[in-house]
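For the sequence shown, my numbering assigns the number 38 to the initial residue and increments by one for each residue that follows.
Built from N, CA and C at the ideal position, the CB exists for glycine as well.
Since this is a predicted model, take the numbers as computed values, not measurements.
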Amino acid sequence: MVSVDEMYDQAIELQQKGDLDGAIQKLHELLETDPNYALAHAALSVFYSKREEHEKAVEHARKVCELEPEDPFSFVALSLICQKAGLIAEAEEAMWHARQAQVAAIQKRHAQ
38 MVSVDEMYDQ
48 AIELQQKGDL
58 DGAIQKLHEL
68 LETDPNYALA
78 HAALSVFYSK
88 REEHEKAVEH
98 ARKVCELEPE
108 DPFSFVALSL
118 ICQKAGLIAE
128 AEEAMWHARQ
138 AQVAAIQKRH
148 AQ
């Protein structure tokens with residue numbers, strides 16, 4: 038059986054070959070196996086954004102933040118996706134969360 042990591046790699050390979058629909062389908066198959074695979078949600082947010090399916094893009098970007106609440110990049114990505122979707126207030130809030138997560142990460146490193 039193919040692992041979720043291998044499925045993710047296959048999806049990215051499909052996307053790089055120009056098969057965005059195939060990549061999206063493969064990522065959804067992956068999420069049926071592991072619905073909390075953050076990288077799959079992150080990729081889907083980008084791919085749906087490229088297709089200007091903003092509602093789906095935002096949904097997956099939010100999921101990444103839910104799964105990776107300490108990762109500043111997750112919130113930066115959500116902010117960018119929200120900006121493209123015209124959700125400016127949510128974009129600003131996501132950027133605020135990114136800054137908070139970044140400060141927390143810096144404080145954690147200094148405490149060690």
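| Item | Value |
| --- | --- |
| Assuming V113 contacts A135 (C-beta within less than 8 angstroms), just tell me the rounded distance between them. | 5 angstroms |
| So what does DSSP say about Q149, is it helix, strand or coil? | coil |
| Going along the chain, which unbroken runs of the alpha helix (DSSP H) with 4 or more residues stay wholly within the stretch 63-91? | 75-87 |
| DSSP state of G59, grouped into three classes? | helix |
| By the DSSP assignment, the alpha helix (DSSP H) with S116 in it spans what residues? | 109-122 |
| Should E89 be listed as close to the ligand NAP, given that the test is whether its C-beta is under 7 angstroms from any heavy atom? | Inclusion of the ligand NAP in the displayed structure is not the case, the ligand content being empty and no account of it being possible. |
| Only counting the same chain, and skipping five residues up and downstream in sequence, which positions put a Cβ closer than 7 angstroms to that of D108? | A138 |
| Quick one: residues in its chain with C-beta nearer than 6 angstroms to the C-beta of H78, no 5 flanking neighbours on either side, listed in chain order? | H97, K100, V101 |
| What would DSSP say about V39, mapped onto helix, strand or coil? | coil |
| Rank L67, A148, L117 by C-alpha distance to the C-alpha of S40 and give the top, closest one. | L67 |
| Can you tell me whether I61 is buried or exposed, with buried defined as 16 or more other CB within 10 angstroms of its CB? | buried |
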